[in-house]
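J.: For the sequence shown, the residue numbers in my numbering are 115 to 344.
Note that the Cβ used here is the ideal one computed from N, Cα and C, for glycine as well.
Given the structure is predicted, the values throughout are model-derived calculations rather than measurements.
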Amino acid sequence: MYQINEFPQKSDLDQALANQVAELLTQAVKSKGKASIAVSGGSTPKGFFNALSKMDLPWSDITITLADERWVDFDSEASNTRLVHENLLQNKAVAAKFFHLKQGDELTQETLADLNIAAKSMLLPLDVLILGMGEDGHTASLFPCSDQIDEGLAKCTSPLLRVMPKSAPHERISFSFIYLKQSKNTFLHISGAGKKAVLNKALADSDLREMPIRAFLQDPDVNTQVFWAE
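1. If you pair each beta-carbon of the region 312-331 with each one of the region 242-261, do three or more pairs fall below 8 Å?
2. Return the chain-ordered list of same chain residues with a C-beta closer than 7 Å to the C-beta of residue 131, the five sequence neighbours on each side being excluded.
3. Label residue 222 either buried or exposed according to how many other C-beta atoms from any shown protein chain fall within 10 Å of its C-beta, with 16 as the threshold for buried.
4. Could you check what DSSP says for residue 170 in three-state terms: helix, strand or coil?
5. Going by Cα to Cα distance, which pick from 164, 292 and 268 is closest to residue 124?
6. Which two residues bound the contiguous alpha helix (DSSP H) that contains residue 196?
7. Does DSSP put residue 242 in a helix, a strand or coil?
8. So, using beta-carbon positions, are residue 288 and residue 255 closer together than 8 Å?
9. If we count Cβ pairs, one from each stretch, closer than 8 Å, do we get three or more for the region 272-282 versus the region 230-244?
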């Protein structure tokens, strides 16, 4: 299931999304004493990150993580962890906790197992999930081209998996669909005419392996709020 929310400008979208996410995180902290949010990388969320970072929230009770991450060093331009630290973990949000997906030099089976245990105890289920979407319909690092796509979309799998996309660089770690779908609030944050066309294509068919974003848009148990601006 999905609902499309359109905005005339990116700045309007960024503030509206920040306001809604802030309210959801505050409610989660009030009800259970803590909250968790997974965000996505790329250039699209920078304005949203900045707006959210300036809001008065119980940041010390909020844990931020990523829906996926490239297995690269922190100082790499490709690091989503760096992106979050430079754009979201700023201002008032500097008090938030951050759960690192990229830990250590190599993504070994032992590292993955340890991360899965930690994610289950510290993060899951997520209170808020902010997804992005690629031109090929991938989301998080659930790539249609990868040999791991069936595992990523499977009903019985671990929270985190190693992904080697064939159409994009870098080894990656990604949350699986079955655990991402358990998020209490799911948003798809996109902008531009090109992404609107990709969205329309995703809504026109039902092959999840072809465009994994369809899993979130068409699952009857997920209410994906699409936030789009030109």
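T.: On the basis of the supplied data:
1. yes
2. 162, 301, 303 and 341
3. exposed
4. coil
5. 164
6. 194-201
7. strand
8. yes
9. yes
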